[in-house]
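Notes to accompany the following structure.
Numbering (our numbering), first residue to last: 40 to 644.
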């Protein structure tokens, strides 16, 4: 009997016949014992498990990183097809900033310290970290000296660059260390300034006037008189005079001055002032303040101890037909006298100008009642400018400089009279006082005389004269005998065009503490690096002959466009405590609206 044997075979040899984890998948389940793992499961956790059985780990994880193609396997890739993965795939990098993906030695973190012409660190520069690389600064004027702009560092010299940043004016080839304009003598306004005096108020004028040279409070240091015609106060007053005594480094407001005289709006036109000596005998210098214009001017002496005052607090005032808008109140000598000036229409109803002298301690009144009247025989505008001259003739009395734009003896070009003290009664200076005659190129009417101190060391004061015509300054060593304004012993002139408005302010004094008188010349419209930034030029004494502006022993450049630096300058005492006198220079802290600022600085050479 035949027997039939049947052998059974499995129906699905490729996978399990059962779904042991109950996830609904059998043959395609890549983890038959884990119900969370199966095709279609979310693969969104960086857990190292292929949750969706697609052969890729965690590609849908929100925390998976993006990887960039990295052919040279240096860890830095390039822009291209991105891969999202929790672990860096082979041939990919975490960054796309490789600049050469064929060389593993080139990437942003590589050392660029070999002069081989290759940008190893992908920063756009080659070999800047190499020990032999050279820092170079742009040299716009080609004089071999670069500006202070950010340098480049490369292995070879680059045309148009210099290996230093020592240029002070990179638009002029003649300005460099040791050049015709010597940059080693230059500093900026910000570098030289150790403190400042601000107002905290906006100004509508640049006509800030500074006067130094007196120790107002007896502490042994020279102090500062500051006149701000355009200061606007909260109470509506307009214009002020300040007496500021020495202060330490820092920024200070003029409102904290030792004395402050506020002037009403109608009175502030052509506000000016000067020292008045110790008028009230309290041991402190007082102030002489001139206000008003066009027939309504007034000159008053105000106490130097009142922290805040007005003209109603004056110790004495003089009025009259004071019609000289350029005149100012001033004092000569230590409390010797106070001078007031009338011009165009004098108080005695003539048409001539005159200078009126009120003796120290005189009571208030009309200028016609002053103890002395100086004129030049009838010229209009006489005494339009004047200055205390010091003791020119050595008799122990303080003398005067008075300008005459035109008189009988000098009808065309005018003259500057050296008027010797004492001053008593009516006096025609043209009848005996010495005159320095103006010339076609140096008209007296366009200049300003000042006491220069003893600049040549001969023991007598010299006369400083500056003019808008000559764009410079001159010093006359013997003003009592010089015949014309063409005979200066010292002349400062701008031969290279580096200055504009040279002589906008000048002063003399010991600027560095060596006991010798020095000369400071300002040029408020000079434009070196910036338009109308202004500059201050210092010339160390003793001086002789002609000096060019660019040969100054020290130069301070304004450094800010339209900064008005150098509208006036005054020499102070040692306010900073460094053992040398300091200098106050007027300028602006902001261009518009104008805000006046007085910089306190040390100028050395």
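Note that the Cβ used here is the ideal one computed from N, Cα and C, for glycine as well.
Residue i and residue j closer than 7 Å at C-beta
i: residue 213; j: residue 186; result: no
i: residue 599; j: residue 625; result: no
i: residue 495; j: residue 416; result: no
i: residue 100; j: residue 125; result: yes
i: residue 437; j: residue 492; result: no
i: residue 635; j: residue 247; result: yes
i: residue 86; j: residue 74; result: no
i: residue 574; j: residue 565; result: yes
i: residue 642; j: residue 550; result: yes
i: residue 285; j: residue 612; result: yes
i: residue 577; j: residue 227; result: no
i: residue 146; j: residue 115; result: yes
i: residue 511; j: residue 620; result: no
i: residue 151; j: residue 166; result: yes
i: residue 168; j: residue 184; result: no
i: residue 644; j: residue 593; result: yes
Nearest-angstrom Cβ-Cβ length linking residue i and residue j, presumed shorter than 8 Å
i: residue 256; j: residue 358; result: Contact doesn't hold; Cβ gap of about 30 Å is too wide.
i: residue 525; j: residue 481; result: 6 Å
i: residue 154; j: residue 194; result: 4 Å
i: residue 22; j: residue 250; result: No statement about residue 22 is possible, as the shown extent of the chain runs from 40 to 644 and does not include it.
i: residue 311; j: residue 266; result: 6 Å
i: residue 176; j: residue 204; result: 4 Å
i: residue 299; j: residue 279; result: 6 Å
i: residue 645; j: residue 583; result: Given that the chain is displayed from residue 40 to residue 644, the structure contains no residue 645 and the question cannot be resolved.
Cβ shell of residue i (< 8 Å), same chain only, five flanking positions each side left out
i: residue 120; result: 108
i: residue 141; result: 110, 111
i: residue 522; result: 475, 476
i: residue 418; result: 391, 392, 443, 444, 445, 446, 447
i: residue 122; result: 105, 106, 128, 131
Option nearest residue i by Cα separation, candidates the options
i: residue 506; options: 475, 545, 476; result: 545
i: residue 520; options: 232, 337, 457; result: 457
i: residue 91; options: 105, 314, 143, 67; result: 67
i: residue 472; options: 198, 639, 489, 518; result: 518
i: residue 430; options: 339, 499, 452, 559; result: 499
i: residue 188; options: 641, 174, 280; result: 174
i: residue 329; options: 635, 106, 123, 349; result: 349
i: residue 404; options: 451, 450, 344, 336; result: 336
i: residue 180; options: 172, 103, 136, 215; result: 215
i: residue 347; options: 296, 128, 331; result: 296
i: residue 198; options: 260, 182, 514; result: 182
i: residue 293; options: 301, 281, 106; result: 281
i: residue 352; options: 302, 399, 455; result: 302
i: residue 395; options: 637, 450, 338, 345; result: 338
i: residue 103; options: 230, 83, 72; result: 83
i: residue 637; options: 618, 644, 610; result: 610
i: residue 450; options: 434, 435, 478; result: 478
i: residue 399; options: 434, 149, 432, 356; result: 356
i: residue 572; options: 585, 627, 614, 560; result: 627
i: residue 585; options: 515, 644, 191; result: 515
i: residue 159; options: 200, 171, 170, 144; result: 144
i: residue 455; options: 487, 343, 79; result: 487
i: residue 432; options: 465, 497, 397; result: 497
Beta-carbon contacts of residue i that lie in its chain and below 6 Å, excluding the five residues immediately before and after
i: residue 448; result: 469
i: residue 318; result: 325, 340, 354
i: residue 118; result: 135
i: residue 580; result: 494, 555, 556, 557
i: residue 513; result: 504, 527, 530
i: residue 640; result: 231, 232, 622
i: residue 57; result: none
i: residue 156; result: 165
Residues near residue i in its chain [Cβ-Cβ closer than 7 Å; skip 5 each side]
i: residue 373; result: Residue placement at residue 373 is poorly supported in this model, since its pLDDT is 46, which falls under 50; the coordinates are not used for a value here.
i: residue 48; result: Note that residue 48 scores a pLDDT of 41, beneath 50, so its modelled location is shaky and nothing firm can be said.
i: residue 263; result: 249, 251, 283, 609, 611, 623
i: residue 253; result: 261, 262, 314, 324
i: residue 229; result: 598
i: residue 54; result: At residue 54, the pLDDT of 49 sits below 50, so the modelled position is not reliable; the number obtained from the coordinates is stated separately. Here the set comprises 65, 66.
i: residue 72; result: 59, 60
Closer than 6 Å: residue i CB and nearest the ligand NAD heavy atom
i: residue 550; result: No copy of the ligand NAD occurs in the structure displayed, which carries no ligand at all.
Original post:
Is the number of C-beta pairs between the stretch 410-429 and the stretch 450-467 that are closer than 8 Å three or more?
Top reply: yes
Subject >> Three-pair Cβ contact test at 8 Å for the stretch 439-449 versus the stretch 418-430 >> reply: yes
Subject >> Given 8 Å, three or more beta-carbon pairs between the stretch 586-603 and the stretch 218-226 >> reply: yes
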